[in-house]
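I have placed the structure first, in the form of structure tokens, so that the comments after it can refer back to it.
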Amino acid sequence: MPPEENPFGNVKKYVVSTTLKSSAAWSNSTIISSNVVEEVRKLKNQPGKNILSDGSSVLMHTLIENDLVDEFVLHVYPLIFGNGKKLFPDGKYVRLKLIESAPLPTGVLYQRYEPVR
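For the sequence shown, position 99 (counting from the first letter as 1) is numbered 105 according to the working numbering, and the numbering increases by one without interruption.
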């Protein structure tokens, strides 16, 4: 994708992986391969905008277990599956407060929650 078509090209990105050896494929990226909890804590303490996470239930479980998630933005699709990956780790109870909710034209429900601490 040409840089002018990539809206995240200039955004600082962190890739959490224990197998990748290089982040050269992604512009402005750094690999976090160990001490994920400490590294995320450091990132949260830096000035700047929000940290977004996408695509890893294993990473989310680690962040949730260590109380590092300040907000959950969910898109609830009108489908029911008998199995799949869970957002929350087994046995972990997280009280959430609904901040915002809206139906989208596609039938998906947008929901934004914050943990009740």
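We treat Cβ as the ideally placed atom computed from N, Cα and C, and that holds for glycine.
If you're wondering where the values come from, they're calculated on a predicted model, not measured in any experiment.
Residue j beta carbon less than 8 Å from that of residue i
i	j	result
Ile57	Lys48	no
Asn34	Lys55	no
Glu45	Ile37	no
Residue i - DSSP class collapsed to helix/strand/coil
i	result
Val79	strand
Arg118	strand
Lys55	coil
Ser63	helix
Ile132	Because the chain in this structure spans residues 7 to 123, residue 132 falls outside the shown range and cannot be described.
Lys50	helix
Sequence-distant residues of its chain with Cβ nearer than 6 Å to residue i (five each side left out)
i	result
Phe6	Coverage of the chain is limited to positions 7 through 123, which leaves residue 6 absent and any answer about it impossible.
Tyr83	Val114
Residue i: first and last residue of the uninterrupted beta strand (DSSP E) it sits in
i	result
Ser28	Neither: Ser28 is in no beta strand (DSSP E) and is coded neither H nor E.
Ile86	No beta strand (DSSP E) contains Ile86, which DSSP labels as neither H nor E.
8 Å Cβ shell around residue i - same chain, five flanking residues per side excluded
i	result
Asp73	Pro121 and Arg123
**Request:** Report yes or no: do three or more beta-carbon pairs, one from the region 112 to 119 and one from the region 63 to 70, lie closer than 8 Å?
**Result:** no
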